[in-house]
Structure formats: structure tokens, C-alpha cells
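**Student:** This is the structure I want to talk about, given as C-alpha cells.
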Amino acid sequence: MKFHITTLFVLFGTVLSTSFSFANQTSVTNTISQAQSTQQSVEKSLNIQHSQSSENKWTEWGLTQTEWLRYEELKKGARGIWSPNLDPLTMLGVEARSDNERKHYAELLAKKEYQRVEKEFAFQIAYNQVFERLYPNQLPFRMDDSGQPTSAINRVIYFTRTDCEPCIDNLKRLQEYIQNYPLDIYVVDSMQNDETIRNWALKNNIDIAKVRARQITLNHDSGYWLKYAKGKMPAAFKIKGDGEWQSLVY
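Below is the structure:
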């Protein structure tokens, strides 16, 4: 009787041990399987993101995948050593294999540059407006108690219109004449519309770097033209130390 009971305990223990061992093995197998599945999912996601990122690189510049691969190859060669910081369109254009290819990349670059400058002008105009609101004492014009502008000293004030064709060449002559003097441009017929000023600046090839540095400011006119230019268009003035407006001849 004792033998049978002992045998049963041994058999039960063996079965129980085997069950636990099998359960543990199954658990480990499941854990490994889940980890592998998670890793595969992550790798797949990363591959998709990498693929999308790579595609965005060439589509952002208006290029095909083949063109982008050529650009990557050019970067590894002599051109990449001579001019490592060239953008894709310029590098492909400089290393063009035909006139048609060169013109193609030149057109893409011209459009890309136009879009870039347009965005920068839009941001700079918005920045100027916020800057003037937050720091009114730093405006090109600061009015004293008598209503006279006092802080535009040593700056050149230029009034123009969007429909003034002679003003285009006139502005070029003015900039050559004043050289490094700060220039405040007031567009008389902007109707307080920022896009109007932005389009005018693009048409007249205003240097965005000088606008960023506030060497040139683009402004809506608030009645200064009628008050000081007496209807003359275009008109340029330099404000002297005593606040007097001096008409410029150039």
C-alpha cells in the first residue's frame, strides 16, 4: 500500500514538474516570438519612414529618384569636394550633361529661389510689424510732442507706388547713391496689405538679407507721403540731425 502511494506521489510529481517545465518553455517561446514580432514591426516602420524621408528629399526639390541618385553620386566625386555645400539643383545644373538639362535645372532653381524669398519676405514683414508693436521706440519714425519724426536720423526715406514703372530704375539709382545708408521704403498704395508689399519687393529684387538686417525696411505709408513729398512720386528724403527732411537729388 505504501509502495503504491509512494509511486503515485512520484508519478504526480513527475507530471507536475513536466507540466511546469512545458509551461515555462511555452512562456519563453511566446515571449521570444512576441519580441521578434515587435522588432520586425519596428524595423518595418523604420524602413517605411526612411523610404518616405528619402522620397521627400527629392520631391521637395522637384526631382525624380534618378536625378536624386545622380546628385548623391556627384557629392561623392570632385564636385562634392570643390563645392560641398551646393544645393541639389545647383550641383545638378553645374554638372549638366546637355543644354536642355542645364536649362531644366536652372528653371527649377529659379522657381525654388522665388518661393524661398517670398516666404522670407512674408516672415520679415510679419516680424517688422511685431517688432514695431513690441518696441515702438525702435521704429524708423518716432514722433515727438510736436508730431515730428525724431528717430529716423541718418536714414533715407523713400516713397513709391506699386504701379510706378519709372520708380524701378529710380530706386536702383538711389541705392547706388546712398550705398550703405539704411533705407526705409514706404509703399503708398499698399492699402495696408502685406502681400502687396511682398509682391512689390519681389518684383524689384529687394535684397532679403538687408531686410533681415533692417538695413532696408518695408512699410505701409500712413500719410507721410502727402505731408512731406507733396504728391511727388517717387520721392526720397534724408532726415537731418535737427529733424528736418532734406530732399535727395541723385
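Under mature numbering (1 follows the signal peptide of the UniProt record, and there is no 0), residues -23 to -1, 1 to 227 are what the sequence shown spells out, in order. The beta carbon of each residue, even a glycine, is placed where N, CA and C say it ideally should be.
1) For D198, is the classification buried or exposed, using 16 other Cβ atoms within 10 angstroms of its Cβ as the cut-off for buried?
2) From C144 to I193, what distance separates their C-alpha atoms?
3) Where do the ends of the alpha helix (DSSP H) carrying L46 lie?
4) Would you tell me roughly how many angstroms separate the C-alpha atoms of D76 and T67, rounded to the nearest one?
5) How close, in whole Å, do the beta carbons of residue 284 and Y135 come, if the pair is a contact with beta carbons under 8 Å?
6) Pick helix, strand or coil for Y112, following the three-state DSSP scheme.
7) Helix, strand or coil, according to DSSP, for L203 in the structure here?
8) In or out: V133 buried (at least 16 other Cβ within 10 Å) or exposed?
9) Whose C-beta lies closer than 6 Å to the C-beta of H81 among residues of the same chain, with five residues either side of it excluded?
10) Could you name the residues that DSSP lists as bridge partners for N182?
11) Could you tell me whether the Cβ atoms of V107 and T139 are closer together than 8 Å?
12) Apart from the five residues on each side of it in sequence, which residues of its chain come closer than 7 Å, Cβ to Cβ, to A178?
13) Whole angstroms is fine: what's the gap from W223's alpha carbon to G57's?
14) Is the beta carbon of D171 less than 8 Å from the beta carbon of I102?
15) May I ask which residues mark the beginning and end of the alpha helix (DSSP H) holding Y158?
16) Please report the Cβ distance between W38 and K89, rounded to the nearest whole angstrom; I am assuming they are in contact, meaning their Cβ atoms lie under 8 Å.
17) Starting from V133, trace the beta strand (DSSP E) both ways and give me its first and last residue.
**Tutor:** Let's see:
1) In the sequence shown, the residue the question calls residue 198 occupies position 221. Under this definition D198 is a buried residue.
2) As a working note, residue 144 is residue 167 in the sequence shown. As a working note, residue 193 is residue 216 in the sequence shown. Using only the alpha carbons, I get a separation of about 16 Å.
3) Taking the sequence shown and counting its residues from 1, one reaches residue 46 at position 69. Where L46 is concerned, the enclosing alpha helix (DSSP H) stretches over 42 to 53.
4) Within the sequence shown, numbered from 1, the residue matching residue 76 stands at position 99. Within the sequence shown, numbered from 1, the residue matching residue 67 stands at position 90. When rounded, the distance between both Cα atoms is 14 Å.
5) A question about residue 284 goes unanswered here, because the residues of the chain that appear run from -23 up to 227.
6) Taking the sequence shown and counting its residues from 1, the one referred to as residue 112 is at position 135. In this structure, Y112 counts as coil in the three-state DSSP scheme.
7) The sequence position of residue 203 within the sequence shown is 226, counting from 1. Helix, per DSSP.
8) Numbered from 1 along the sequence shown, position 156 holds the residue referred to as residue 133. Its Cβ being crowded by 16 or more others within 10 Å, V133 is buried.
9) As a position in the sequence shown, residue 81 is number 104, starting the count at 1. Excluding sequence neighbours, H81 sits near nothing in its chain.
10) Against the sequence shown, residue 182 aligns to sequence position 205. N182 is not bridged to any residue.
11) Counted from its first residue, the sequence shown places residue 107 at position 130. Counted from its first residue, the sequence shown places residue 139 at position 162. No, they are not a contact pair.
12) Residue numbering aside, residue 178 sits at position 201 when the sequence shown is read from its first letter. So the list reads F98, L195, once near-sequence residues are dropped.
13) As a working note, residue 223 is residue 246 in the sequence shown. As a working note, residue 57 is residue 80 in the sequence shown. Looking at the sequence shown, residue 223 is not Trp but Gln. Straight-line Cα distance between these residues: approximately 52 Å.
14) Position 194 of the sequence shown, counted from the first residue, corresponds to residue 171. Position 125 of the sequence shown, counted from the first residue, corresponds to residue 102. Taking 8 Å as the Cβ cut-off, D171 and I102 qualify as a contacting pair.
15) For the purposes of this step, residue 158 is taken as residue 181 along the sequence shown, with counting starting at 1. Careful: Y158 lies outside any alpha helix (DSSP H) and carries neither H nor E.
16) Position 61 of the sequence shown, counting from 1, holds the residue named residue 38. Position 112 of the sequence shown, counting from 1, holds the residue named residue 89. 7 Å between Cβ atoms; contact.
17) For the purposes of this step, residue 133 is taken as the residue at position 156 of the sequence shown. Segment 133 to 137, the beta strand (DSSP E) holding V133.
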